[in-house]
Amino acid sequence: MNSKRWWAILIAGTIFIFSVIINFASMAFSTNFSKLWGDAFEEWSEKTIEEGSVTKKIAIIDLDGVIQDNGDVTSIWSSGGYNHKLFMEQLNHAKDDNATKAIILRVNTPGGGVVESAEIHRKIVQIQEETKKPVYVSMGGIAASGGYYVSAPADKIFASPETMTGSLGVIMQGTNYGELAKKLGVDFVTIKSGEYKDIMSQTREMTEAERNIMKSMLDNSFNGFVKVIAEGRNMPEERVREIADGRIYDGRQAKELDLIDDFGYLEEVIEAIRADYSLDGASVVRYGAYSGFPSLFGTAMQKITGKEGEMFGAFKMLTQPNSPRLMYLYAE
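Residue numbers for the sequence shown follow numbering that gives the first Met the number 0, so the first one is 0 and each next one is one higher.
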């Protein structure tokens, strides 16, 4: 490697160590840490994008990226993307804010975890039932699988003709490199307390009994998905099962299948919710993404190493679990 690459790795290593120290400190002193740094650790903000009444607001909340809970502590390696904890806080804020009269979810995600998607769905239903605030969905370039799961209870769903949606179903994936390991002379030793403790092991083939166990779990989650769509779209479950074969749909197909209500970009969705709920004169606010010192540091880190650089990839491998999990996710 050339000297520039060595310097990049050295700097990345230094930032990594600093990140670990910051994360441990923030976990140990979570109550006072943000006060110590003040606005540098501001989690999110409310930005006015259309002036109007401060007592009558339309709130736009962005759901952008893979729906996955990576923990409460935000690393300085992070430079944005989906943050489950903050997103749930934003939903709760919109629910409890008396000035907020309507909510628009800007959904741009291929989906994500089954648990996280269900948590968002439940919160949206809670907002609708307890506050009677309308919730509209404005789909971005992609709102598939878990992205559709969280959209289903909305009072109206809008998309563009080119939006990729659908992919209605559940997936669980793992990697089996047992044969490769044998060729390399690697011998795996597993000691387990029960027959199925290493189910979906990466070092051996699954048995038929194990496949049936995992399939029953997927079926349970899929049945829940079908119910969510049927209730949200007022559609018979039999019809949902016909179209929920995992395939992706574009916006035109989704409208034909009654998976969305109409075409429209964010501006049209704002005007639609204004007209439908007599919100003339309401201000429009947008909840900002994560900002502050950690985000700036994360951005600098990625510029130094490159998003696909060695250190960035190594960090992801070290910090993200590789255990198979149920996902409402459209991915290659």
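Glycine is no exception: its CB is placed at the ideal position from the N, C-alpha and C atoms.
Model, not experiment: these values are computed from the prediction.
Segment limits, beta strand (DSSP E) that includes residue i
{"i": "residue 137", "result": "134 to 143"}
{"i": "residue 49", "result": "45 to 49"}
{"i": "residue 156", "result": "155 to 158"}
Residue i: first and last residue of the uninterrupted alpha helix (DSSP H) it sits in
{"i": "residue 59", "result": "Here residue 59 belongs to no alpha helix (DSSP H); instead the beta strand (DSSP E) covers 52 to 63."}
{"i": "residue 214", "result": "207 to 232"}
{"i": "residue 86", "result": "83 to 95"}
{"i": "residue 181", "result": "177 to 182"}
{"i": "residue 185", "result": "First-last for residue 185: undefined, no H or E at that position."}
{"i": "residue 238", "result": "236 to 242"}
Residues sharing a beta bridge with residue i, DSSP
{"i": "residue 282", "result": "56"}
{"i": "residue 326", "result": "112 and 170"}
{"i": "residue 276", "result": "Paired residue(s): none; residue 276 is not in a bridge."}
{"i": "residue 247", "result": "165"}
{"i": "residue 203", "result": "DSSP lists no partner for residue 203."}
{"i": "residue 105", "result": "61 and 137"}
{"i": "residue 99", "result": "56"}
{"i": "residue 126", "result": "None, per the DSSP bridge assignment."}
{"i": "residue 261", "result": "157"}
{"i": "residue 66", "result": "111"}
Inter-residue CB distance, residue i and residue j (contact presumed, cutoff 8 Å)
{"i": "residue 329", "j": "residue 247", "result": "6 Å"}
{"i": "residue 142", "j": "residue 169", "result": "About 17 Å separates the two Cβ atoms, so there is no contact after all."}
{"i": "residue 269", "j": "residue 283", "result": "6 Å"}
{"i": "residue 53", "j": "residue 98", "result": "7 Å"}
{"i": "residue 323", "j": "residue 199", "result": "5 Å"}
{"i": "residue 122", "j": "residue 87", "result": "7 Å"}
{"i": "residue 151", "j": "residue 240", "result": "Rounded, the Cβ-Cβ distance is 15 Å, inconsistent with contact."}
{"i": "residue 68", "j": "residue 115", "result": "5 Å"}
{"i": "residue 204", "j": "residue 175", "result": "7 Å"}
{"i": "residue 171", "j": "residue 213", "result": "6 Å"}
Cβ of residue i within 8 Å of any chain D Cβ
{"i": "residue 138", "result": "This model lacks chain D altogether; it includes just one protein chain."}
C-beta atoms of residue i and residue j nearer than 8 Å
{"i": "residue 157", "j": "residue 230", "result": "no"}
{"i": "residue 113", "j": "residue 325", "result": "yes"}
{"i": "residue 130", "j": "residue 84", "result": "no"}
{"i": "residue 228", "j": "residue 167", "result": "yes"}
{"i": "residue 244", "j": "residue 163", "result": "no"}
{"i": "residue 287", "j": "residue 55", "result": "no"}
{"i": "residue 258", "j": "residue 165", "result": "yes"}
{"i": "residue 146", "j": "residue 173", "result": "no"}
{"i": "residue 327", "j": "residue 144", "result": "yes"}
{"i": "residue 206", "j": "residue 197", "result": "no"}
{"i": "residue 126", "j": "residue 90", "result": "yes"}
Any non-hydrogen atom of the ligand ATP closer than 7 Å to residue i Cβ
{"i": "residue 98", "result": "The ligand ATP is not among the ligands present in this structure, which contains no ligands whatsoever."}
Contact between the segment 54 to 63 and the segment 95 to 113 is defined here as three or more beta-carbon pairs at a separation below 8 Å; is this criterion met?
Touching, yes, given that three or more Cβ pairs across the two stretches are closer than 8 Å.
Between the segment 220 to 237 and the segment 135 to 143, can you find at least three pairs of beta-carbon atoms closer than 8 Å?
Under the 8 Å Cβ criterion, the segment 135 to 143 does not count as touching the segment 220 to 237, having fewer than three qualifying pairs.
Quick check: the segment 158 to 171 against the segment 251 to 268, are at least 3 beta-carbon pairs closer than 8 Å?
Short answer: they touch.
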